[in-house]
Amino acid sequence: MQSWLKFLGPVAVVFSIFPLLLGACSKRETVVDQATREGIMIVGNGVEPAVLDPQTNTGLAEGHILDTLFEGLVRTDPETLEAIPGVATHWEVSEDGLRYTFYLRHDASWSDGRAVTAHDFYASYRRVLSVWTNSENAEQFYPIAGAELYHKGKLRDFTQVGFRVIDDHTLELRLRHATPLLPQLMTGRAWYPVPMHVLERLGDPLAPGNPWTRRVETFVSNGPFKLKAWRRGEFLEVERNPHYWGRDTVRLNGVRFVPISGEAEEAAFLSGKLHKTISVVLGRTERYARESPSPLRSSPASGIYFYLFNVKRAPFTDVRVRRALAMAVDREKLVSEVTRSGERPAYHLTLEEEGTGYSGRARTRLDYDEARRLLAEAGYAGGEGLRPITLLYNINSGWHQSIAESIAEDWRRELGIQVALEGQEWAVFGERLRLQLFQLARAGIIIEPYTPLRFLKTFTSTSAFNNTSWQNADYDRLAAEVELLDDEAEQNARMRRMEEILMEEMPMIPIYYYTTQYLLHPSVKGWVDNISRRMPFERAWLEAR
Numbered sequence: 001m002q003s004w005l006k007f008l009g010p011v012a013v014v015f016s017i018f019p020l021l022l023g024a025c026s027k028r029e030t031v032v033d034q035a036t037r038e039g040i041m042i043v044g045n046g047v048e049p050a051v052l053d054p055q056t057n058t059g060l061a062e063g064h065i066l067d068t069l070f071e072g073l074v075r076t077d078p079e080t081l082e083a084i085p086g087v088a089t090h091w092e093v094s095e096d097g098l099r100y101t102f103y104l105r106h107d108a109s110w111s112d113g114r115a116v117t118a119h120d121f122y123a124s125y126r127r128v129l130s131v132w133t134n135s136e137n138a139e140q141f142y143p144i145a146g147a148e149l150y151h152k153g154k155l156r157d158f159t160q161v162g163f164r165v166i167d168d169h170t171l172e173l174r175l176r177h178a179t180p181l182l183p184q185l186m187t188g189r190a191w192y193p194v195p196m197h198v199l200e201r202l203g204d205p206l207a208p209g210n211p212w213t214r215r216v217e218t219f220v221s222n223g224p225f226k227l228k229a230w231r232r233g234e235f236l237e238v239e240r241n242p243h244y245w246g247r248d249t250v251r252l253n254g255v256r257f258v259p260i261s262g263e264a265e266e267a268a269f270l271s272g273k274l275h276k277t278i279s280v281v282l283g284r285t286e287r288y289a290r291e292s293p294s295p296l297r298s299s300p301a302s303g304i305y306f307y308l309f310n311v312k313r314a315p316f317t318d319v320r321v322r323r324a325l326a327m328a329v330d331r332e333k334l335v336s337e338v339t340r341s342g343e344r345p346a347y348h349l350t351l352e353e354e355g356t357g358y359s360g361r362a363r364t365r366l367d368y369d370e371a372r373r374l375l376a377e378a379g380y381a382g383g384e385g386l387r388p389i390t391l392l393y394n395i396n397s398g399w400h401q402s403i404a405e406s407i408a409e410d411w412r413r414e415l416g417i418q419v420a421l422e423g424q425e426w427a428v429f430g431e432r433l434r435l436q437l438f439q440l441a442r443a444g445i446i447i448e449p450y451t452p453l454r455f456l457k458t459f460t461s462t463s464a465f466n467n468t469s470w471q472n473a474d475y476d477r478l479a480a481e482v483e484l485l486d487d488e489a490e491q492n493a494r495m496r497r498m499e500e501i502l503m504e505e506m507p508m509i510p511i512y513y514y515t516t517q518y519l520l521h522p523s524v525k526g527w528v529d530n531i532s533r534r535m536p537f538e539r540a541w542l543e544a545r
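Below, the structure written as structure tokens:
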């Protein structure tokens, strides 16, 4: 580990340090002071990046990095979350809403100086939909005519999919049904182009093992920054891309992402080694809020924290056991005494967001008596005859273990159920989820732009994010119907039925809705919070104190 990541001693000692840091410049120069002068923002990013391919990545930590390196036809305004011009200067929509035409900038370039054209987007979209690429993000393209059929191997001719290159700077998208949110959906990272000219030079561009992302020398991108250095286990650094069309508006010279979290991250921030943390140590929010000036930043997030059942593993093959455990989680106590960061208890999947026109009605509840009755009905009265349950979580954050311990205690005390906690490193945890090698596991989703249907679709049988083995034909049918309907009342009725099915069969336990909380150094300017947790590095700058 680099010397600048040698942290202070006991974390309890450093809580009073932040106010002192504001006047510490005259005494000694910190890592942050030097980086501020150089225009390099240093941020904690949780974990070591696993995959830096925007078309196959699903991780949040990797997503923060990818957003600095790539840009799609449209991008997200960090303040409004509206779709704004990216590589495309503008777009037109046909009267029936089934055809979008995007007009690309003539000065858009890859970081190697090669022009970005409509052909790059066409080839990139073909790659993400290829069965060989095995992208979990392919479903984002299903509103495009023929995309789902091509992805599932039922259509072999990609020219029959609704993408058409009109010329080097014009791309047409043809939809199978009107999708007013298409531009917002296209801000997703799977819609970023990849440098097919580099992939083709290195091997099969459709092969998941193509090595283009493994070395700085072959990593070509088209965003406001480009990859500068990647010292695995230490940091990844990006620098301003001189070939980016909007380079004159980018004020940071670079961003350094450090795979660090928890108390080590907090100590690094308080000792002047980070401009920003990825989170706040569990239970420390109130203390930071009392500081003046306070480094604490907090905002809602479009996500939910939940537990997944593997419904093919006993005892969770029995819906009564699943429902019993869901009813025996004291969410109010959890968010008020354990997480203590402004989270809202979750009793169903979808968010209670204004402006969506939808409100979920089906929900679980805290009901220990009913939970005990269901467990006894399943043959496990008082937990008798039930082997210890193994709960899988990732250990990059102390949050997950503390939450697991609290919930496990609820189940032990009220239901007589014993829980074995199993913490794993992020990469191992993710692979175990993907292969469904777990009994019960922690999970979470953050989706933007948020729609109730996008949340609900994560539990369809074809969703790459449904790791529960749970399937329900009616649920799948309703999801498909909602996409084809224009009437909001009919859409909402079907989505409510979907959520009823989900809460009746309970393949997951909703726990709480996310908030975003982190520590920010006062030298960081122009920083904007949003519910999607997208970080506006291209708009931020640093000012020395």
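Numbering follows full-length UniProt numbering, in which position 308 of the sequence shown is assigned residue number 308; successive positions increment by one, without gaps. Idealized CB from N, CA, C, for every residue including glycine.
Kindly list the residues whose CB is nearer than 7 Å to the CB of residue i, restricted to its own chain and excluding five residues on each side of it in sequence; keep chain order.
| i | result |
| --- | --- |
| P49 | A61, E62, I65 and L236 |
| R126 | F158 |
| T458 | I445, F465 and N466 |
| V482 | L453, Q491, R494 and M495 |
| T460 | N466, Y475, D476 and A479 |
| P388 | Q418, V419 and A420 |
| P85 | V74 |
Would you check if the distance between the CB atom of residue i and the CB atom of residue j is smaller than 9 Å?
| i | j | result |
| --- | --- | --- |
| R313 | I511 | no |
| A115 | T170 | no |
| L104 | V87 | yes |
| L392 | L440 | yes |
| N472 | I501 | yes |
| W91 | P183 | yes |
| W110 | N222 | yes |
| A178 | D486 | yes |
| P522 | P259 | no |
| G196 | L73 | Here the sequence assigns Met to residue 196, which means Gly is not the residue at that position. Not closer than 9 Å, so no. |
| T56 | E148 | no |
By alpha-carbon positions, which one of the options ends up nearest to residue i?
| i | options | result |
| --- | --- | --- |
| R215 | A207, L199, L206 and D204 | L199 |
| L351 | R454, R174, Q55 and W527 | R454 |
| L206 | A493, N134 and L175 | N134 |
| T218 | R232, P208, R201 and F225 | R201 |
| V280 | E29, I501 and Y518 | Y518 |
| L52 | V220, G379, G44 and H197 | V220 |
| F121 | L175, P193 and S130 | P193 |
| K276 | S523, T468, G44 and V31 | G44 |
| K152 | L129, T80, Q140 and E172 | L129 |
| T285 | R247, E343 and V311 | E343 |
| A301 | P449, L98 and D112 | P449 |
| A540 | G379, A108, E79 and P54 | E79 |
| D112 | S461, L69, A489 and D168 | L69 |
| E172 | R99, D204 and A138 | R99 |
| D107 | Y150, D168, Q418 and S124 | D168 |
Which same chain residues, not among the five before or five after residue i, have their C-beta less than 6 Å away from its C-beta?
| i | result |
| --- | --- |
| R322 | F309, F316 and M506 |
| A427 | A50 |
| G46 | A61, S261, I278 and N396 |
| T89 | Y103 and R105 |
| residue 550 | The question about residue 550 has no answer, for the chain in this structure spans 1 to 545. |
| E543 | S523 and K525 |
Kindly identify the DSSP beta-bridge partner or partners of residue i.
| i | result |
| --- | --- |
| F309 | L440 |
| M41 | V255 |
| F465 | Beta-bridge pairing links F465 to no other residue. |
| S279 | Partner(s): none; S279 has no beta bridge. |
| H90 | Y103 |
| N530 | Paired residue(s): none; N530 is not in a bridge. |
| S109 | A115 |
Please look up how many angstroms separate the CB atoms of residue i and residue j, rounded, as I've assumed it's under 8 Å.
| i | j | result |
| --- | --- | --- |
| L252 | R240 | 7 Å |
| V250 | P224 | 5 Å |
| A404 | R442 | 7 Å |
| V255 | F429 | About 26 Å separates the two Cβ atoms, so there is no contact after all. |
| I509 | A362 | The Cβ separation is near 14 Å, so there is no contact. |
| A145 | V161 | 7 Å |
For residue i, which residues in the same chain have their Cβ closer than 8 Å to its Cβ, ignoring the five residues on either side in sequence?
| i | result |
| --- | --- |
| A376 | G382 |
| A346 | I304, Y305, F306, R331, P510, I511, Y512 and Y513 |
| L181 | P449 and T451 |
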